[in-house]
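For the sequence shown, the numbering used here assigns the number 500 to the initial residue and increments by one for each residue that follows. All C-beta atoms in this analysis are idealised placements derived from N, C-alpha and C, irrespective of residue type, glycine included. The structure displayed is predicted, hence computed values, not measured ones. Down below is the structure, laid out as structure tokens.
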Amino acid sequence: MKKFLISSAILGYCLATYPNGGNNQIISINELFELAETNSKALKLSGLVSQEKKEEINVAKNALLPTLDISLSAGYLSDIRISDRNFGNGFTVQMKNFGDYANFTNKFVAEASQIIYAGGAIKSSIKNAELNYQASQFEKEQTRQNIRFMLLSYYLELYRLSNQELVYLHNIEQTHKLVADIRNKHNEGIALKNDITRHELQLQSLLLKLTLTRNCKSVTNNKLCTLLNLDKSTTIEIDKNILNDLPVYAEEETWQAAALDSSPKIKTFETYTQQALNAEKIVNAERLPKIFIFASDVFEGPFTIDMDVKDNNMNIWTVGIGLKYNLASLYTTNKSVRQSKIAYQAAVEAENMIKDDIQTEINSAFVMLNEAFTILKTRETSLELATQNYEVINNRYLNDLALITDMLDASNSKLESELQMADAKINILFSFFNLKRCSGQL
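Right under this line is the structure:
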């Protein structure tokens with residue numbers, strides 16, 4: 500009797516203590532993605548990186564603008580000391596002899612210049628900044644795809660664990676009833692003590708499995724809350740309707756073609772290739788001269804260019820066109836050109852390699868999806884057979900032609916088949932979303 504009470508207490512604890520209240524939140528897959536878009540720290544970081552790259556475009560465009568320098572100075576001009584070449588016969592000429600303000604100097608200089616030709620280096624630099632921004636956008640999309648798939652993995656795992664928990668709870672309840680029935684039969688002298696012990700051990704094993712399942716469920720829930728930046732007290736509930744609409748079959752060629760159009764990985768490496776080609780143009784521009792126009796204005800005083808110092812202000816302006824050529828580029832640029840050509844070849848190879856990798860990933864994911872559909876058909880047959888067996892055993896049990904153990908075995912087999920059926924559907928969803936991730940359409 501004591502063991503019976505202990506078992507009852509344990510069962511009551513399992514059924515009652517698992518948190519069903521609190522901050523429970525039913526989340527669909529679309530809501531999962533929306534929460535990730537709003538709360539994901541990784542996506543926020545990718546967004547900031549993308550904004551930074553966008554500002555780099557504006558910074559690069561500054562090279563198209565004219566430069567303008569202004570300087571203003573004022574100071575004290577000392578008296579003039581004059582001597583022979585051997586420093587003899589020295590005498591001082593006071594600046595005030597040339598005017599009341601000859602000791603004070605002022606100077607204002609304004610200079611402006613505009614590059615009108617740089618061999619395409621400026622346009623190529625702007626293009627490089629634009630390509631950097633495009634690459635950051637594709638990398639952000641890849642981050643989004645990875646986060647969504649990670650969330651879906653945890654979400655579907657949470658669904659699988661929830662189903663498993665229900666099966667264990669049902670089995671525990673049924674085993675508890677069986678132990679009570681066997682205990683009554685033992686009291687009547689038609690069952691052995693060993694039968695009670697065997698089923699109590701089975702009950703303890705089920706209780707342990709239930710605890711482990713709930714621990715895994717709690718860990719998975721915590722991972723989801725962390726990724727979604729939700730309060731850790733939130734208990735995420737699965738939208739059970741996700742199994743109602745399984746994906747429609749499509750040929751592998753359709754997925755392969757979609758990847759070439761949509762995969763952010765492929766687009767990122769295509770952008771890297773364009774950057775490498777653009778880098779060649781920047782290097783080649785070093786061999787070409789730079790042409791610029793300039794203008795300047797100088798306003799200063801006193802006038803000290805001549806020995807006859809004049810206590811006056813002088814203003815002079817200049818405007819013209821200039822040419823600058825780096826002669827060292829004739830013997831230094833060749834090395835940079837060779838380096839840029841090799842970098843371009845490496846970028847092309849990397850692009851081809853990533854396309855091959857994605858093609859392989861899609862093929863593997865497509866095979867897994869087909870396999871998941873095959874498993875589903877097998878599970879459907881198993882469930883049909885288990886249901887038929889349950890109906891036969893149940894009918895015999897009601898007519899006292901079968902033992903309760905036979906009834907429980909049939910019930911457990913049916914529940915196990917239902918669980919495997921749900922797992923098979925979950926596996927199809929997982930394989931389908933994995934295929935969408937590989938093709939860049941998640």
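For E610 and V818, the rounded distance between their alpha carbons | 10 Å
Pair within 9 Å by beta-carbon distance, S624 and I790 | no
Helix, strand or coil: which one does DSSP assign to Q524?
-> strand
Kindly give me the distance between the Cβ atoms of T772 and A634, rounded to whole angstroms, as I take these residues to be in contact under 8 Å.
-> That belief does not hold up - the Cβ atoms of T772 and A634 are roughly 11 Å apart, past 8 Å.
Return the chain-ordered list of same chain residues with a C-beta closer than 6 Å to the C-beta of A885, the five sequence neighbours on each side being excluded.
-> S912, K913, S916
Could you have a look at D760 and say whether DSSP puts it in helix, strand or coil?
-> Under the three-state reduction of DSSP, D760 is assigned to helix.
Where DSSP assigns a beta bridge to F932, which residues make up the other side?
-> DSSP output for F932 lists no bridge partner at all.
Candidates Q755, N631, Y658, T859: closest to E554 by CA position | For E554, the closest alpha carbon among the candidates Q755, N631, Y658, T859 is that of N631.
Would you grab the beta carbon distance between S938 and A757 for me? Rounded to a whole angstrom, and I think it's under 8 Å.
-> 5 Å
Alpha carbon to alpha carbon, how far is I925 from R659?
-> 7 Å
Taking just the CA atoms, how far does N720 sit from Q701?
-> 28 Å
Minimum C-alpha distance to F872 - residue among N851, E850, S930 | S930
According to DSSP, residues forming a beta bridge with G939 = Paired residue(s): none; G939 is not in a bridge.
Would you report the Cα separation of N833 and L787, rounded to the nearest angstrom?
-> 13 Å
Output yes or no for whether 9 Å exceeds the beta carbon distance between E785 and G618.
-> yes
With C-beta atoms as the reference, is L657 less than 9 Å away from N538?
-> no
Whose CA, out of A923, S863, E530, I615, lies closest to the CA of Q755?
-> S863
Buried or exposed by the 16-neighbour rule on C-beta atoms within 10 Å, applied to S704 = exposed
Residue span of the alpha helix (DSSP H) that contains L542, given as start and end | 540–560
Nearest-angstrom Cβ-Cβ length linking L576 and F603, presumed shorter than 8 Å = With 8 Å as the limit, L576 and F603 qualify as a contact, their Cβ atoms being about 7 Å apart.
Which ranges would you report for the alpha helix (DSSP H) in the segment 674–730 if only whole runs of at least 4 residues count?
-> 692–727
Distance, S762 Cα to E750 Cα | Approximately 18 Å, taken between the alpha carbons.
In the DSSP assignment, find the beta strand (DSSP E) that holds Y575 and state where it starts and stops.
-> Element bounds for Y575: 566–575.
Tell me which same chain residues have a C-beta within less than 7 Å of the C-beta of K935, skipping the five on either side of it?
-> The residues are L941.
Which one of E779, L531, S881 has the shortest CA to CA distance from A942?
-> Since the first residue of the chain shown is 500 and the last is 941, residue 942 is not available in this structure.
Is M852 buried or exposed, if buried means 16 or more other CB atoms sit within 10 Å of its CB?
-> exposed
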